[in-house]
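Numbers -20 to -1, 1 to 152, taken from mature numbering (1 follows the signal peptide of the UniProt record, and there is no 0), label the letters of the sequence shown in order. We treat Cβ as the ideally placed atom computed from N, Cα and C, and that holds for glycine. The model shown is predicted, which means the values in this text are computed figures rather than measured ones. Have a look at the structure below before the remarks.
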Amino acid sequence: MVPSFLKLTVLAAVVALAAAHCPPYWTAYMDSCFQIFNRPSTWEEAEQYCMGFSTCEGNQVGHLASIGDVGTNGFITKYKRLIEAQGPVRVWIGLNDQTFEGNFEWSNGANVTFTHWERGQPNNAQGQENCVTLTGVSSSDPSRWDDANCLQQMAFVCELPGIDPRAQHQIW
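Here it is in structure tokens:
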């Protein structure tokens, strides 16, 4: 019988080998890399900033974060707490319905398979709320989402695809 400690050590090593590699100052979660930028920006400015991250070959790979499951939502919510020393902060994520009202899509083109709206959201208040934030202000659950005016200035979360450490070529 193999001791439990040895089983856990082997499992941790396998998970570490399979985890994404990220550029310096980025945090890996599943197969992606994330970074929060506490620089107030409109949704479009934030998306353009994220799109500025590219591979060594010049391929644009960054976008505002897309959240496809409860685990990623929880990870980003906890990660967001790093910038909340002075209080709750709302951050832009990549979800928006700018193309067609009520038809939400991720800025990176991923399918919308998960949502976590605050109660009563999305509400498109004054017909001007087309971009999505993780709430932080007056919310009983800081992991909930809220639609907001895309011209508001707030922090944001960028996402890059992680690099498989077993890959032949590094792009960072």
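Among the bridge pairs identified by DSSP, Ile16 is matched with Val137.
In the structure shown, Ile47 adopts coil according to DSSP, grouped into three states. DSSP, read as helix, strand or coil, puts Gln106 in helix. Secondary structure note for Tyr9: its beta strand (DSSP E) is the uninterrupted segment Thr7 to Tyr9. Within the model, the alpha-carbon separation for Cys13 versus Val137 is close to 10 Å. Along the segment 34 to 102, the beta strand (DSSP E) occurs as fully enclosed runs of 3 or more residues at 71 to 76, listed in sequence order. When the beta-carbon positions are compared, Ser123 and Thr57 come within less than 7 Å of each other.
Secondary structure at Cys30: helix, using DSSP grouped into helix, strand and coil. Ranked by Cα distance from Arg99, the first of Asp121, Asn129, Glu85 and Thr35 is Asp121. Taking each of Cys130, Trp97 and Ala8 in turn and checking the Cα distance to Gly107, the smallest one comes out for Cys130.
A direct Cα-to-Cα measurement between Asn53 and Ala90 gives close to 15 Å.
For Cys111, the uninterrupted beta strand (DSSP E) run begins and ends at Cys111 to Leu114, by DSSP.
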